[in-house]
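To keep things clear, I will list the structure first and then write my remarks on it.
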Amino acid sequence: MNSIQSFGAASGEAGKVDAVFLLIAVICGFFFLLTQGLLVYFAVRYRRRAAGRDNETPRITGNHLLEIVWILVPTIVVMAIFYYGWKVYSDMRIPRPGAAEVHVTGKQWMWEIRYPGGRTAINEIRVQRGKPVKFLLSSSDVIHGFYLPEFRVKMDAIPGRITSLWLSPDRAGTFAIHCTVYCGDGHSNMNGSLIVMEPAEYAAWERGAAEAGRADEPLPKRGERLVGASGCLNCHAVSGKEKIGPNFSGLFGSKVPLEGGTTVSADEEYLRESIVDPGAKVVKGYPNVMPTYKTSMKAEEVRAVVEYLKTLR
Amino acid sequence: MSAGDGKGYLSERGWRSWAFTLDHKRIGVMYLCTTIFFFLLGGVFALLLRLELLSPQARYFSNHAYNVFFTLHGAMMIFLFIIPAIPSGLGNFLIPLHLGARDVAFPRLNLASYWVFVAGFLVIVGSLVAPMDTGWTFYTPYSAKTGAAVTTLSLGVFLIGMSSILTGLNFIVTIHKLRAPGMSFLRMPLFLWSMYATSIIQVVATPVVGVTFLLLAAERVLGVGFFDPAKGGDPVLFQHFFWFYSHPVVYVMILPAMGIVSEVIPVFSRKPIFGYKAIAYSSLAIAFLGFLVWAHHMFTSGMSPLANAIFSFMTFFVAVPTAVKVFNWIATLYRGSITFEAPMLYALTFIFLFIIGGLTGPFLGALATNVQLHDTYFVVAHFHYTMMGGTVMGFFAGLHYWFPKITGRMLNEKAARASWALIFLGFNVTFFTMFFLGVRGMPRRYAEYLPKYHSENVVATIGSVILTLGILAMVWNFVQGLRSGTPAPGNPWRALSLEWQTPSPPETENFHEIPLVTDWPYGYGTKKA
Ligand code: HEM
Ligand SMILES: [Cu+2]
Chain A
1 MNSIQSFGAA SGEAGKVDAV FLLIAVICGF FFLLTQGLLV YFAVRYRRRA
51 AGRDNETPRI TGNHLLEIVW ILVPTIVVMA IFYYGWKVYS DMRIPRPGAA
101 EVHVTGKQWM WEIRYPGGRT AINEIRVQRG KPVKFLLSSS DVIHGFYLPE
151 FRVKMDAIPG RITSLWLSPD RAGTFAIHCT VYCGDGHSNM NGSLIVMEPA
201 EYAAWERGAA EAGRADEPLP KRGERLVGAS GCLNCHAVSG KEKIGPNFSG
251 LFGSKVPLEG GTTVSADEEY LRESIVDPGA KVVKGYPNVM PTYKTSMKAE
301 EVRAVVEYLK TLR
Chain B
1 MSAGDGKGYL SERGWRSWAF TLDHKRIGVM YLCTTIFFFL LGGVFALLLR
51 LELLSPQARY FSNHAYNVFF TLHGAMMIFL FIIPAIPSGL GNFLIPLHLG
101 ARDVAFPRLN LASYWVFVAG FLVIVGSLVA PMDTGWTFYT PYSAKTGAAV
151 TTLSLGVFLI GMSSILTGLN FIVTIHKLRA PGMSFLRMPL FLWSMYATSI
201 IQVVATPVVG VTFLLLAAER VLGVGFFDPA KGGDPVLFQH FFWFYSHPVV
251 YVMILPAMGI VSEVIPVFSR KPIFGYKAIA YSSLAIAFLG FLVWAHHMFT
301 SGMSPLANAI FSFMTFFVAV PTAVKVFNWI ATLYRGSITF EAPMLYALTF
351 IFLFIIGGLT GPFLGALATN VQLHDTYFVV AHFHYTMMGG TVMGFFAGLH
401 YWFPKITGRM LNEKAARASW ALIFLGFNVT FFTMFFLGVR GMPRRYAEYL
451 PKYHSENVVA TIGSVILTLG ILAMVWNFVQ GLRSGTPAPG NPWRALSLEW
501 QTPSPPETEN FHEIPLVTDW PYGYGTKKA
């Protein structure tokens, strides 16, 4: 994810949240300066100057008027803050009409996307600039948090329930998606991206994507692209330090020790099976956490991935 | 152990004289040592976390190790340090002395609650055979599924909760029954008011966490589906239970520290506390309102917008009694004759940092901004400002203030100020930086992060090293004071509350004669206003 944009608001609603933030910052900034200022000023101004004069302070035990003022003023101020926070929030909960609906399922540790036409993807959501989109969130295991910082929105994805979130992107670009509810080892790697495309570009992508990949692309090349786009690298490394799952490099052709003491040699069939039915043969020492790609990858895509893995000697 | 034998309570030696003691002061000291040990251990885990976050990739530990460390750090700091430290440690030591009593109402129960606490942490240590990685919040369904020893751990937390209930009950009865003659409720030191409110919360809220952990254990061991949607359960129900306890408990953490600050500020300003009744009653108001706002931890958990609005509304009401306290402390300084010994430095630091913690609360209480900031480093910064900047600084103020009373020795003032300076600097560098991380979107509990968050993380880690040096210097000063501090007079700070009207350290039964109370403990100032 190298093209993540800066942190400016990426939708009109996010701008409204920023306005609330600013409002609170101004109010609290004022009280910050007031209280810390008085604290420091009194501490310095009334420090003991001469020894022995320590009990010559006025016996002030309270002041009703002052105390009523500083009960009433904070009450009014916090009510105002509550009101603006609530107003913007409740406006934001009502989706703008005509929103496209995209299903997002949180899984340890990836986001599985399903578009209205039935097309699926992992960790990568494409939407059109200017067109509202509603995400219907769920989870297949534990609670996850679906968070889009640039859009100032977040909602938990909960097993057995459907929650929702909508936004209307104003800027084209690539924006981060994070998981914010702790969900196990891969929690901090459960990132995705929201790719906001210009409408024309988006239409082209929709058409192009319907043709199931690029015909002239060599299989290993296509596999590499799929491995990157399908969340595999959240858990597997291609080189370097081990992640949650086994390393890919040197995997093909090696002898793999399994839970239960047997070994299997990593041939094409083993690789294929590990993708569509990862629970069938669990590698020794690794948690059985990988989701199946049976529904999200077509047979030829799996084949492309296997061809790619074969190149990683 | 005869009344008024003239010997300090520390004069008896040998481990049995501690393990079987019924003296509230010794029990208090045992709690203090135990909880400070866990504070330091929890601090080691914090340092490991910060070390790992020096680089965006998991470089020194695996993700799993990081997750175990933040769980141990959080769970220890909360359950083994901050909840018991002030109430059970300083509270045990001080409540009878403050009241002019010889002991707490039920000394045996008091000893029992210490050993139940120890049993609790031993069980927790036992559960470490399979280190937990759930965070201190134990959210289901993750906690019901993870391989770690969550069931054993639940038992440990259950025991610790029980100890906390027993202590709370004991304190409530003590405050009602054992006040010295003449000490009406409105003549009690404010520390007692805060302990009274704290004890009420402990007695009312803690059973809920006990039940919650029992349900979780039942889910794991017996497969009952309270929280499992596949069996018709509700995963979010756990969060309601959990926060119904844990939100009020935030006030168990902060109220006692507010009590300490209310003691220290008048003494070192030589002024009566400003607005005594407002401070006293606001403790009760906070205790009460604290029970109505638990779901503000759950605005993104799919509750209805109406429920969110109601909880947000209630949340803002807790801010008011809290603000009242802060204004009163500052007003107490007005026209005082202020000196800056270590207890006062920490009390002023408490106010300073707590204001920052408090003023970042509205960002989280307001719905629109909560949704943006929830579960990011903004929250991490906010709660460290209130818990560490607030409670821990209040605790340090109390430790420095009552050190002469507890040990009979004075601390080295220069060393105390030097360590304070490091702690103050290190704290702000560490945690203020995290507000920026949070606003820019870095989620909490992340072992790895995007490179764009790198520089702030490096700064925060540098701050945590400075902070650690300060804390080590403070501990070193305590040890030195204990070994070779000059003997303390009975009342080194010339304070008016009752614990100072007895020698340092106090004798076993506290007072030669039970004192007769004729005024409140804040009668400073000669010129009438
Ligand atoms: C030496 C000073 C401290 C440092 C440097 C420090 C640092 C940290 C860090 C880096 C995290 C992890 C944040 C995350 O990944 O979400 C954390 C979490 C936490 N800290 Fe601290 N901390 C310190 C002291 C304290 C104290 C004194 C307390 C309370 C008494 C405390 C309570 C917590 C809690 C409750 C968590 C949340 C754990 C969780 O997410 O389950 N910390 N701290
Ligand atoms: Cu997650």
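So the protein lines, in turn, are chains A and B. Per my numbering, residue 1 is the first one in the first sequence, and the count goes up by one each step. Per my numbering, residue 1 is the first one in the second sequence, and the count goes up by one each step. Every residue gets a Cβ at the ideal spot worked out from N, C-alpha and C, and that includes glycine. Note that the coordinates shown come from a computational prediction; the quantities given were computed from them, not determined experimentally.
Its chain contains Leu-178 as the residues whose beta carbon lies nearer than 6 Å to that of Ala-101 of chain B, once the 5 sequence neighbours on both sides are disregarded; these appear in chain order.
Closer than 8 Å to the CB of Glu-67 of chain A there is at least one CB belonging to chain B. Put simply, the segment 226-234 of chain A touches the segment 104-123 of chain A. At least three CB pairs are less than 8 Å apart. Sixteen is the threshold: since fewer than 16 other Cβ atoms of the shown chains lie within 10 Å of the Cβ of Arg-207 of chain A, the residue is exposed. The three-state secondary structure of Leu-137 of chain A, taken from DSSP, is strand. Of all residues in the segment 262-286 of chain B, those with a C-beta nearer than 8 Å to a C-beta of chain A are Ser-269, Arg-270, Lys-271, Pro-272, Ile-273, Phe-274, Gly-275, Tyr-276, Lys-277 and Ala-278, reading in chain order. At least 8 Å separates the beta-carbon of Phe-106 of chain B from that of Ser-163 of chain B. Under the Cβ distance rule, Cys-183 of chain A counts among the residues neighbouring chain B, one pair being separated by less than 8 Å. Apart from the 5 residues on each side of it in sequence, Trp-136 of chain B sits with its Cβ closer than 7 Å to the Cβ of Thr-71, Gly-74, Ala-75 and Ile-78 in its chain, given in chain order. For His-240 of chain B, no Cβ of chain A is located within less than 8 Å of the residue's own Cβ. Counting of Cβ neighbours within 10 angstroms places His-382 of chain B among the buried residues, the total reaching 16 or more. Restricting attention to B:Pro-443, B:Ser-269 and B:Ser-464, the CA atom closest to the CA of Val-429 of chain B is found in B:Ser-464. Scanning its chain for C-beta atoms nearer than 7 Å, with the 5 sequence neighbours on each side dropped, one finds around Tyr-9 of chain B the residues Asp-23, Lys-25, Arg-26, Pro-505, Pro-506, Glu-507 and Thr-508, in chain order. Gly-336 of chain B counts as buried, since at least 16 other C-beta atoms from the protein chains shown sit within 10 angstroms of its C-beta. Pairwise C-beta distances place the segment 217-228 of chain B out of contact with the segment 257-267 of chain B, as fewer than three of them are shorter than 8 Å. Within 7 Å of the CB of Leu-38 of chain A, the CB atoms of chain B belong to Ile-330, in sequence order along the chain. Within chain B, the C-beta atoms nearer than 9 Å to that of His-187 of chain A come from Asn-63, Asn-67, Pro-443, Arg-445, Tyr-446 and Ala-447, in chain order.
Your pair Ile-273 of chain B and Leu-190 of chain B checks out as a contact, with CB atoms roughly 7 Å apart and the cut at 8 Å. For His-512 of chain B, the secondary structure class from DSSP, reduced to helix, strand or coil, is coil. Taking 8 Å as the cut-off, the beta carbon of Ala-447 of chain B is found closer than this to the beta carbon of Ser-188 of chain A. Within the same chain, Glu-52 come within 8 Å of Arg-59 of chain B by CB-CB distance, once the 5 residues on both sides are set aside. At a Cβ-Cβ threshold of 8 Å, Phe-151 of chain A and Ala-10 of chain A count as neighbours.
With 16 or more other CB atoms across the displayed protein chains lying within 10 angstroms of its CB, Ile-158 of chain A is buried. Close to Arg-440 of chain B, with beta-carbon spacing below 8 Å, are these residues of chain A in chain order: Phe-7 and Pro-149. At a cut-off of 4 residues, the continuous stretches assigned as alpha helix (DSSP H) that sit fully inside the segment 59-127 of chain B are 63-75, 92-99 and 107-127.
As DSSP reads the structure, Gly-106 of chain A sits in a beta bridge with A:Trp-111 and A:Ser-139. Close to Lys-154 of chain A, with beta-carbon spacing below 8 Å, are these residues of chain B in chain order: Thr-300, Val-371, Gln-372, His-374 and Asp-375. For Gln-202 of chain B, the number of other beta carbons within 10 angstroms of its own is at least 16, and it is reported as buried. Thr-151 of chain B has its alpha-carbon roughly 8 Å from the corresponding atom of Leu-216 of chain B. Shown here for Pro-404 of chain B: same chain residues with a beta carbon closer than 6 Å to its own, the five before and five after excluded, namely Met-410, Ala-488, Pro-492 and Ser-504 in chain order. At a cut-off of 8 Å between beta carbons, Val-326 of chain B contacts chain A. Judged by DSSP secondary structure, Ile-60 of chain A falls outside any beta strand (DSSP E); it is assigned neither H nor E. Excluding sequence positions up to five before and after Thr-360 of chain B, its CB lies within less than 8 Å of the CB of Phe-378, Ala-381, His-382, Tyr-385 and Phe-435, all in the same chain and listed in chain order. If the five residues before and after Leu-516 of chain B are omitted, its C-beta is found closer than 6 Å to the C-beta atoms of Pro-181 and Gly-182, all from its own chain and listed in chain order. Within the segment 177-202 of chain B, no residue has a Cβ lying closer than 8 Å to any Cβ of chain A. When B:Phe-213, B:Ala-368 and B:Leu-41 are compared, the shortest CA-CA separation from Phe-82 of chain A is found for B:Ala-368.
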